[in-house]
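Number of protein chains: 2
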Amino acid sequence: MADSFVVAGVSTMKGLAYSFVILLLSHAPAHSRGTGDMGVLIERASSSVQIVETSNNSSLARVSGLGDLSHASLVYSRDARFAYVFGRDGGLTKVDILSAEITARTLQSGNSIGGAISQDGRLVAVSNYEPGGVKVFNADTLELVADIPASYGSGDLRSKVIGLVDAPGQKFVFTLWDAGEIWVLDMSDQSAPKIEKFRDIGRNPYDALITPDGRYYIAGLFGEDGMALLDLWNPSAGVKRILPNYGKGEQKLPVYKMPHLEGWAVAGDLAFVPAVGRHEVLVINMRSWQEAGRIKVHGQPIFVMARPDGRQVWVNFALPDNDTIQVIDTQSLSIVTQLKPGKGVLHMEFEPRGEEVWLSVRDEDRVEIYDTQTFKRKAFLPATKPSGIFFTSRAHRIGL
Amino acid sequence: MADSFVVAGVSTMKGLAYSFVILLLSHAPAHSRGTGDMGVLIERASSSVQIVETSNNSSLARVSGLGDLSHASLVYSRDARFAYVFGRDGGLTKVDILSAEITARTLQSGNSIGGAISQDGRLVAVSNYEPGGVKVFNADTLELVADIPASYGSGDLRSKVIGLVDAPGQKFVFTLWDAGEIWVLDMSDQSAPKIEKFRDIGRNPYDALITPDGRYYIAGLFGEDGMALLDLWNPSAGVKRILPNYGKGEQKLPVYKMPHLEGWAVAGDLAFVPAVGRHEVLVINMRSWQEAGRIKVHGQPIFVMARPDGRQVWVNFALPDNDTIQVIDTQSLSIVTQLKPGKGVLHMEFEPRGEEVWLSVRDEDRVEIYDTQTFKRKAFLPATKPSGIFFTSRAHRIGL
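Read top to bottom, the protein sequences are chains A and B.
According to numbering that gives the first Met the number 0, the stretch in the first sequence is residues 0 to 399, in order.
According to numbering that gives the first Met the number 0, the stretch in the second sequence is residues 0 to 399, in order.
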């Protein structure tokens, strides 16, 4: 698909010069445009991503050959030109979204889940299940910078790692599923990584999030009720247990039905959180970390995401309700609309200032774009089994 | 300076093809790179701007011919490719930061101050002193879309307009200095702008800000004490007076010493606000809008700006203390360091994830870049009487 850019770039030229120019432009770095309105969406079944833009809501290119993209996510380089795509098979792929080319790729483990980019954009970290640990790569070259095995117990056991996020101060924070630990990895000195370990945080942390200011790291516990909270401004206070009823009685649910914690929506003092296994969105007061309310919703919530101004929260659901979206008004705590985009609504991404939202509708093979004020569908794009959608404004955010 | 990009772009080419290619590339749209790490700094005395980037902390180009840039500011297009520069002389200039060229320019009034870009990025609004009002332009072409005279009283008077910001829902909010009013302009329907007027908000609003979520619009009053607060989620509640002691006894100060309200720093529930005429930073609880404390500082604060994670607040000062910066820890409310970058520290801009901050040091003709963890100077760039610094991540923020 990269060639389509080249052809577009030389469409005003004629005759003799043509073949020369094709050669020349194939050495030119890429198509020229601002990258602020661009994005990438994952096509999970075809090992491909689509490069899109939000000013005209169009698809720009497709890049293939990215391996197993089930549950894939990505982060952006600080210049918003490169996407680092984390595949399920341990693949870490660097995609140039201007040229629509893979510029680097490494199969860095046998089984991985998610990653993060350091505050300064120089380091990309990946959390691995097998072998369990975190690997840190040079963001330019994808050369290995640090290999952090998630050893625990007497040291011969290695834990699956999950819930990896970046935090201010060149830190990465993650949890150890098997060990029940939270680790804070400080990469300020690349040649001497420092690790701070928080033990006995609870059984089987299955996912985690960091608040948008990078202060609070919160892990969900599969093996018991409640959540584990670490205040990164006050790490000496240790990990506290919050929301003692979170997940109560629901621990027997299979993991694949657990909600996505990175979808916590923060609006003012309130966080909106998917309940585990219940048809409810929980409202949490972030000053006290107490439950402040419950909102009845259509099904088991998966992602609960705030519009950038915090006025609305959009919710999608697990099977059999994954054809539905509900929108909650964060002031009245009431549901203001319900949409039926189609079967398999897997992910949502708001445009940076919130005027539109993109939805992946996997089973319909399309992405839909809605106006968040009128709730009217403004456009749709064909896509092959789309899942995650990621806009470049994430490059500038902590913890995304 | 644009030509330097072309030369760089063809540096691998040789011989016969050279002159042809120069011709070709002069028609090429621009240099190709991600725009996420770019920025523009105002050189107020020379009618020029410098285009910079934060990955290597370097200057990329200079663009001249922008008219009177005293007190100039700018906003970015949604693709982060174009800067709309608001000059003091009524000039509105659209600069392509990839090609380093002026792509459109209009002298749209006799005397203007500041502007904003709509949520969807299609409209650019400018607030004018003379003739008093707001003009709204097509962001692509700079063609006039709407002319909103700031008429008041019996209708034959026109007020200076100030404190213009964007808000969600294609709105612009601004204050009328002479009339003591706040207007909310809704441009959802470009052919039928709607205006909601809030009268008797207080005498001589001199500047205003909107909170980062786009909810609260707050105007400072030159003619009396306190500030005027409009909750845009609840406009029917009208404008309320808050902080009754703000500016108390200081109204006689000349306007040019009034602090910049757009520099309000928000960290968690707290806003950090420059006191008027006093060597203090005020701490405001944003839930109650009550004063929560005062921090003694080195001089009269001008800009009080939060690092993106909210952990630090950086403060610069009016003469004779404008050679100094102080940094406040927002948890302990204590001053953690003091820097002396040089005479005339006019503005500060944090890199999007906060690891570094850029300072304009006007009288030293340079911009300095500091590590916000170590407070060490990492780099500096020569600049001609630099003032405002603006990074492209602003493209994705409400109210900037």
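Beta carbons: idealized from backbone N, C-alpha and C, even for Gly.
Buried/exposed call for residue i, threshold 16 Cβ in 10 Å
{"i": "ARG43 of chain B", "result": "buried"}
{"i": "GLU355 of chain B", "result": "buried"}
{"i": "THR371 of chain A", "result": "buried"}
{"i": "ALA166 of chain B", "result": "buried"}
{"i": "ASP322 of chain A", "result": "buried"}
{"i": "ARG404 of chain A", "result": "As displayed, chain A neither begins before 0 nor continues past 399, which places residue 404 of chain A out of reach and without an answer."}
{"i": "GLY152 of chain A", "result": "exposed"}
{"i": "LEU22 of chain B", "result": "The predicted position of LEU22 of chain B is uncertain, since its pLDDT is 33 and thus under 50; no value can be drawn from it."}
{"i": "ASN315 of chain B", "result": "buried"}
Contacts around residue i, its chain only, beta-carbon distance under 6 Å, and the 5 residues preceding and following it disregarded
{"i": "ILE194 of chain B", "result": "TRP182, LEU184"}
{"i": "ARG87 of chain B", "result": "ASP67, SER69, HIS70"}
{"i": "ILE368 of chain A", "result": "ASN56, GLU355, TRP357, LYS377, ALA378"}
{"i": "GLY109 of chain A", "result": "GLY89, GLU129"}
{"i": "GLN311 of chain A", "result": "VAL326"}
{"i": "GLN189 of chain A", "result": "VAL144"}
Whole-angstrom C-beta distance between residue j and residue i, which should lie under 8 Å
{"i": "VAL272 of chain A", "j": "TRP263 of chain A", "result": "6 Å"}
{"i": "GLY120 of chain A", "j": "ARG157 of chain A", "result": "The pair is not a contact, with the Cβ atoms about 29 Å apart (cut-off 8 Å)."}
{"i": "ILE41 of chain A", "j": "ILE112 of chain A", "result": "Their Cβ separation, rounded to whole angstroms, is 14 Å, which puts ILE41 of chain A and ILE112 of chain A out of contact at 8 Å."}
{"i": "LEU175 of chain B", "j": "ARG202 of chain B", "result": "Wrong, their Cβ atoms sit about 11 Å apart, outside the cutoff."}
{"i": "GLY213 of chain A", "j": "SER187 of chain A", "result": "In fact, because the Cβ distance is near 15 Å, the residues do not count as touching under 8 Å."}
Under 9 Å by beta carbon: chain A residues contacting residue i
{"i": "LEU97 of chain B", "result": "SER31, ARG32, GLY33"}
{"i": "SER76 of chain B", "result": "GLY33, GLY35, ASP36, SER54"}
Where residue i falls: helix, strand or coil (DSSP)
{"i": "ALA178 of chain B", "result": "coil"}
{"i": "ARG361 of chain B", "result": "helix"}
{"i": "SER31 of chain B", "result": "coil"}
{"i": "GLU129 of chain A", "result": "strand"}
{"i": "HIS329 of chain B", "result": "With the sequence shown as reference, residue 329 of chain B is identified as Thr, and His is not the correct amino acid for it. Correct three-state label for THR329 of chain B: coil."}
{"i": "LEU380 of chain A", "result": "strand"}
{"i": "ALA7 of chain A", "result": "Reliability of the predicted coordinates at ALA7 of chain A is poor, the pLDDT of 27 falling under 50, and no value is obtained from them."}
{"i": "LEU65 of chain A", "result": "coil"}
{"i": "ALA60 of chain B", "result": "strand"}
{"i": "SER235 of chain A", "result": "helix"}
{"i": "GLU52 of chain A", "result": "strand"}
{"i": "SER47 of chain A", "result": "strand"}
{"i": "HIS297 of chain B", "result": "coil"}
{"i": "ARG240 of chain B", "result": "strand"}
{"i": "HIS346 of chain A", "result": "strand"}
{"i": "LEU338 of chain A", "result": "strand"}
{"i": "ALA149 of chain A", "result": "coil"}
{"i": "SER108 of chain A", "result": "coil"}
{"i": "ARG393 of chain A", "result": "helix"}
{"i": "LEU97 of chain A", "result": "coil"}
{"i": "GLU195 of chain B", "result": "strand"}
Other residues of its chain near residue i: CB distance less than 7 Å, five sequence neighbours each side excluded
{"i": "ARG352 of chain B", "result": "PRO307"}
{"i": "SER10 of chain B", "result": "Here the model assigns SER10 of chain B a pLDDT of 30, short of 50, so the residue's position is not dependable and the matter cannot be decided."}
{"i": "THR210 of chain A", "result": "VAL265"}
{"i": "LEU332 of chain A", "result": "VAL282, GLY292, ILE294"}
{"i": "PRO381 of chain B", "result": "ASP364, ARG365"}
{"i": "SER3 of chain A", "result": "Unreliable placement is indicated for SER3 of chain A, whose pLDDT of 32 sits below 50; the coordinate value is still reported in the next sentence. Here the set comprises ALA60."}
{"i": "PHE85 of chain A", "result": "ALA71, SER72, LEU73, LEU91, SER111, GLY113, GLY114, VAL125"}
{"i": "LEU143 of chain A", "result": "LYS134, PHE136"}
{"i": "VAL238 of chain B", "result": "ILE181, PHE197, ILE200, ALA227, LEU228, LEU229"}
{"i": "HIS26 of chain A", "result": "Interpretation of HIS26 of chain A is limited by its pLDDT of 40, a score under 50 that renders its predicted location unreliable; no figure is taken from the coordinates."}
{"i": "GLY224 of chain B", "result": "Residue 224 of chain B is actually Asp in this sequence, not Gly. If we look at ASP224 of chain B and ignore the five residues flanking it on each side, its Cβ neighbours are PRO243, ASN244, TYR245, GLY246, LYS247."}
Beta-carbon proximity list for residue i, same chain, < 8 Å, skipping 5 on both sides
{"i": "MET37 of chain A", "result": "ILE50, VAL51, GLU52, THR53, LEU59, ALA79, ILE96, PHE390, THR391"}
{"i": "TYR75 of chain B", "result": "PHE81, ALA82, TYR83, ILE116, PHE389, THR391, ARG393, ALA394"}
{"i": "LYS342 of chain A", "result": "ASN321, ASP322, VAL360, ARG361, ASP362, GLU363"}
{"i": "GLU279 of chain B", "result": "ARG293, ILE294, LYS295, VAL296, PRO300"}
{"i": "SER63 of chain A", "result": "SER45, SER46, SER47"}
{"i": "ARG286 of chain A", "result": "ASP268"}
Beta-carbon neighbours of residue i, restricted to chain A and to distances below 7 Å
{"i": "GLU354 of chain B", "result": "GLN118, ASP119"}
{"i": "GLN402 of chain B", "result": "The structure shown does not extend to residue 402 of chain B, since chain B spans only 0 to 399, so no value can be given for it."}
{"i": "TRP232 of chain B", "result": "ARG310, GLN330"}
Closer than 8 Å at the beta carbon, the chain A residues around residue i
{"i": "HIS395 of chain B", "result": "GLY35, PRO351, ARG352, SER392, HIS395"}
{"i": "SER79 of chain B", "result": "The residue you asked about is not Ser; residue 79 of chain B is Ala in the sequence shown. Those within 8 Å of ALA79 of chain B in chain A are GLY33, THR34, GLY35, ASP36, ALA79."}
Within chain B, the residues that residue i reaches when beta carbons sit closer than 8 Å
{"i": "TRP263 of chain A", "result": "None at all; the shortest Cβ gap to chain B is about 16 Å."}
Under 9 Å by beta carbon: chain B residues contacting residue i
{"i": "GLY213 of chain A", "result": "PRO307, ASP308, GLY309, ARG310, ARG352, GLY353"}
{"i": "ALA382 of chain A", "result": "Neighbours of ALA382 of chain A on chain B: none; closest Cβ ~21 Å, over 9 Å."}
{"i": "ARG286 of chain A", "result": "GLY267, ASP268, ARG286"}
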